[in-house]
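Numbering (the UniProt record's numbering), first residue to last: 1 to 241. A virtual CB, placed ideally from N, CA and C, is assigned to each residue, including glycine. These figures come from a predicted structure and were not determined experimentally. Let me begin by presenting the structure, written as structure tokens, before commenting on it.
Structure, rendered in structure tokens:
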């Protein structure tokens, strides 16, 4: 791979963090030619899990071709050690990127990722990029969570919460749009329960339904599913407006 020429690839779930990394890459003039979405079958240490199928709609709105990576066996209970599972989960992604390196003109120059504070995720992605001989663009890494969230809203991101799993987050948060009022409440929940303002610990998951990098808004119809302490949206219909 050539570290100065070639294509950029964005690790992309449709959630706010990977979408922000993609948006910032485009703003910086990086030549992003593919989005890559990993579809875990169960809970994952490495990847954003819920509603990754909606990434297809998001990619269509962004206007960049999407590559789906669907490993054969991603069951969380198949590996008891989180470190080993993280490495195992990375293998299909790395294999997909090697194929893209052969396919894309001038190969892959770099990869974008949306990690904020997860050393677990970032160290593995950095190691993968080292093996692939490409750069890593991680514009959220170790930035202040509230400042990042404010920047997303200021840029025009419309962010919907599609899953919650944390003390202090009840069913009323499902389907809620993150705005400044919601961020203020999340900061209070951070003080009281330790909820990460950006949900970095898996407290909540999101979908960016509109933004400056998207041509058309994603319209969702859904029902909420609540399981006592956690819940998610069951999407009944999703389309580009």
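Just mark residue i as buried or exposed, buried being the case when its beta carbon has 16 or more other beta carbons within 10 Å.
i	result
residue 240	exposed
residue 91	exposed
residue 226	exposed
residue 191	exposed
residue 142	exposed
residue 55	buried
Based on DSSP bridge pairs, tell me the residues matched to residue i.
i	result
residue 37	68
residue 9	34, 111
residue 238	220
residue 195	In the DSSP output, where bridge partners are listed per residue, residue 195 has none listed.
residue 226	231
residue 159	208
residue 136	111
Could you check the C-alpha separation between residue i and residue j for me, to the nearest Å?
i	j	result
residue 106	residue 94	18 Å
residue 73	residue 37	Residue confidence for residue 73 is low, a pLDDT of 36 falling below 50, so the modelled location carries little weight; the figure read from the coordinates is stated next. Rounded to whole angstroms, residue 73 to residue 37 spans 16 Å at the Cα level.
residue 23	residue 148	13 Å
residue 194	residue 103	44 Å
residue 234	residue 70	21 Å
residue 112	residue 219	26 Å
residue 202	residue 162	12 Å
residue 222	residue 238	9 Å
residue 62	residue 171	30 Å
residue 120	residue 127	11 Å
residue 125	residue 135	10 Å
residue 35	residue 217	18 Å
residue 153	residue 182	12 Å
residue 97	residue 130	13 Å
residue 99	residue 33	14 Å
residue 65	residue 59	7 Å
Looking at residue i: is its Cβ nearer than 8 Å to the Cβ of residue j?
i	j	result
residue 123	residue 200	no
residue 212	residue 168	no
residue 179	residue 132	no
residue 109	residue 21	no
residue 158	residue 208	yes
residue 174	residue 224	yes
Would you say the stretch 130-149 touches the stretch 2-19, given that touching needs at least three Cβ pairs under 8 Å? yes
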